[in-house]
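Scroll down for the structure; my scribbles are underneath it.
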Amino acid sequence: MGDGALMQIGEVAERTGLSLRTIRYYEEVGLIVPSARSQGGFRLYTDADVDRLQVVKRMKPLEFTLEQMRDLLAIIDRLSAGARLPKAERERLLDTLAGYREAVHERCAALRSQLATAEEFAATLTGHMDTLQSPTVSRPTIST
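Residue numbers for the sequence shown, in this note's numbering: 1 to 144.
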């Protein structure tokens, strides 16, 4: 894309991997606003809108709240608006952005730890199954 063309919600859903319902929900809660509407009232989106949805999509599995998503998007919007920001405001926004980056790193570390635990458990179960299915292993009998 990249040529400034507008996309309907179906194409956005295909490009982001989000359902139509999810995109509409994100619009309802104020995370995304379609850039335009067609004469027939269809939502129309730009590449920038898709980028915004990708940010939300990436924050969701890291358990950020809707308010945190709104806050981060507002920070990104403010910093990338092109207007000269007062130095203090720019530093405050960058500090907050750095806080989000740190939170993402912490959540990724926690997910890696959870994944390692799950992989260990899967390996343990595989070992048990291999042992129990081996014909040389005597199976316990149940006495009555």
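Where is the CB? At the ideal position from N, CA and C, for every residue including glycine.
Item: Unbroken beta strand (DSSP E) run spanning Arg43, endpoints; Value: Arg43 to Tyr45
Item: For Pro61, the nearest candidate out of Pro34, Cys108 and Leu94 (CA to CA); Value: Cys108
Item: Terminal residues of the alpha helix (DSSP H) in which Thr131 lies; Value: Lys87 to Gln133
Item: Thr117 versus Leu111 - alpha carbon distance; Value: 10 Å
Item: 8 Å CB neighbourhood of Leu44 in its chain, flanking five on each side removed; Value: Leu6, Met7, Gln8, Pro34, Ser35, Ala36, Arg37 and Ser38
Item: Cβ of Met69 within 8 Å of any chain D Cβ; Value: The chain inventory of the structure shown lacks chain D, comprising one protein chain alone.
Item: Host alpha helix (DSSP H) of Val12 (start-end); Value: Ile9 to Thr16
Item: Own chain, CB closer than 6 Å to Leu73, minus 5 neighbours either side, in chain order; Value: none
Item: Given Glu67 as reference, the closest of Ala81, Val29 and Arg78 once Cα atoms are compared; Value: Val29
Item: Endpoints, the alpha helix (DSSP H) within which Ile32 is located; Value: Ile32 -> no alpha helix (DSSP H), and no H or E assigned at all.
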